[in-house]
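Student: One structure, as structure tokens, below. Some questions next.
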Amino acid sequence: MVLVTIVMTMMLIRTLGLASKGSVNPQEVFLVMAYTVLGYMPTILSLSLFIAIVGTLSRMYRDSEMVIWFSSGQGMADFVKPLFRFAWPVLILIAVMALVGWPWANSQTIGMRKQYEQRSDIERVAPGEFRESAGRVRVFFIDKETPDNSRATNVFIWSIERNLQITTSARSGSIENIGDSRYLLLNNGQRLEQPMANTGLKISEFKTYGTRAGGSSGFGDDTTPARARTTLSLLTDRSDMSRGELAWRVGMLLAAINFVLLALNVSSGNPRVGRSGNLLLALFAFVVYYNMLNLGQSWISSGKFGMGGFMLLLHGGVLLINLAWLGARQNNWGRRIRKSPSASVAAPATAPRIEPT
């Protein structure tokens, strides 16, 4: 719950920043934040599972419960089965959220941003504020508007059209629907046209002038990012970008499985000292592994590594390290190596025998 609260706070700050820039509808801030947190649930669940196992096993060491476990003839490897029996529902949820929840949440967020970006230019305008159009080629400003939002006073428009910088100002303006388009009709104003090369200036005055109140969004129908595409569509796409995204989604499940074994290995404690050292080591291992997962996605997307080779190197390598570490703790290899050969067969010295006289 603490992790979810921290993530929601961070996402709220980030979403408020996007809303202040005009990228997100201010009325949809909490909805965007909810979708964002839902998308990051695989990471939150993996970290929660990891910390839960480390904290529980560290407490067992601190309370000397591990002494009873070892005295009963059980070893570290005997923890693997009960740990996975406990973790399998969480692992299934991580797989579902990574393969299905993550792209769905991203598609919803991008859809809301796209819809907000594609609103008409007039809907972007607020009294007393300079606002850009959807295509970033116009700037609008109005002084006041009527309660029904149909008319405005002191209208200012700056735009770039046909390699011309055009500045239009008018005393008033109104919105009219002509055909399937909406137009802004300006009254009693002037229009300044200046070429981009600054070769001259054309000034004209008008009583009535109309300009289209619309614009195209920066989002295209064919520019759906890989993170918002379904897993099935990524499987059929052989591009590096799709391979990188697919490696990240599958890697979240493989990483969660490795985190269970890693939590078992890093959970060791001395009853006489605190457990902060263990938790710091565990969090450091999680951060390094998770960053390598993100770095691998970037490498695969840029074509520096193949998907199969990197996943085998990262997840397979961590699995081998976990198994070797677990075997060393199970068989006390470190203690056997440190044991001195001269101390193993030292015979006790016998006291000299004194003959009676």
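Number 181 in our numbering belongs to position 201 of the sequence shown; there are no gaps in the numbering. C-beta: ideal position from N, C-alpha, C; glycine also. Keep in mind it's a predicted model, so treat the numbers as computed, not measured.
Whole-angstrom Cβ separation of residue 191 and residue 137, contact assumed at under 8 Å?
Tutor: 7 Å
Student: Leaving out five residues on either side along the sequence, give the residues of the same chain with a beta carbon under 8 Å from the beta carbon of residue 283.
Tutor: 220
Student: Quick one: is residue 141 buried, meaning 16 or more other Cβ sit within 10 Å of its Cβ, or exposed?
Tutor: exposed
Student: Please work out which residues of its chain come closer than 6 Å, Cβ to Cβ, to residue 134, disregarding the five sequence neighbours upstream and downstream, and give them in chain order.
Tutor: 123
Student: Would residue 67 and residue 29 qualify as a contact pair, given that the criterion is a beta-carbon distance under 9 Å?
Tutor: yes
Student: Which runs of the alpha helix (DSSP H) at least 4 residues long sit entirely within the segment 217 to 280? Give them in chain order.
Tutor: 220 to 246
Student: Alpha carbon to alpha carbon, what distance is there between residue 36 and residue 95?
Tutor: 47 Å
Student: Measure from the alpha carbon of residue 6 to the alpha carbon of each residue in 14, 16, -5, then state which is nearest.
Tutor: -5
Student: According to DSSP, is residue 44 part of a helix, a strand, or is it coil?
Tutor: Residue state, collapsed to three classes: coil.
Student: State the start and end residues of the unbroken beta strand (DSSP E) segment that holds residue 132.
Tutor: DSSP places residue 132 in the uninterrupted beta strand (DSSP E) bounded by 131 to 141.
Student: Sort 293, 93, 143, 131 by Cα distance to residue 117 and report the nearest one.
Tutor: The shortest Cα separation from residue 117 among 293, 93, 143, 131 belongs to 143.
Student: Please state if the CB of residue 294 and the CB of residue 224 are separated by a distance shorter than 9 Å.
Tutor: no
Student: Determine which residues share a DSSP beta bridge with residue 122 and list them.
Tutor: In the DSSP output, where bridge partners are listed per residue, residue 122 has none listed.
Student: If you follow the alpha helix (DSSP H) that residue 311 is in, where does it begin and where does it stop?
Tutor: 297 to 311
Student: For the segment 161 to 181 against the segment 47 to 59, do three or more pairs of beta-carbon atoms, one drawn from each stretch, fall closer than 8 Å, so that the two count as touching?
Tutor: Below 8 Å, too few C-beta pairs join the segment 161 to 181 and the segment 47 to 59 to call them touching: fewer than three.
Student: Would you identify the three-state DSSP class for residue 94, choosing helix, strand or coil?
Tutor: The answer is helix: DSSP assigns residue 94 an H, G or I state.
Student: Check whether the segment 292 to 306 and the segment 233 to 249 touch, using three or more Cβ-Cβ pairs below 8 Å as the test.
Tutor: As far as the Cβ criterion goes, the segment 292 to 306 touches the segment 233 to 249, which means the pair count is three or higher.
Student: Report back the beta-carbon spacing between residue 73 and residue -2 to the nearest angstrom; my notes put them in contact at under 8 Å.
Tutor: Actually they are not in contact, since the Cβ atoms of residue 73 and residue -2 sit about 28 Å apart, beyond 8 Å.
Student: Relative to the C-alpha of residue 65, which residue among 11, 240, 110, 274 is closest?
Tutor: 240
Student: Would you give the residue range spanned by the alpha helix (DSSP H) that residue 78 belongs to?
Tutor: Per DSSP, residue 78 belongs to no alpha helix (DSSP H) and is neither H nor E.
Student: Compare the C-alpha of residue 178 against each of 146, 266, 215 and name the closest.
Tutor: 146
Student: DSSP has residue 169 in a bridge; who is on the other side?
Tutor: 150, 186
Student: Looking at the secondary structure, which residues open and close the alpha helix (DSSP H) in which residue 18 lies?
Tutor: 9 to 19
Student: Indicate whether residue 290 and residue 307 have their beta-carbon atoms separated by less than 9 Å.
Tutor: no
Student: Between residue 184 and the rest of its own chain, which residues show a CB-CB distance below 6 Å, the 5 nearest in sequence each way excluded?
Tutor: 171
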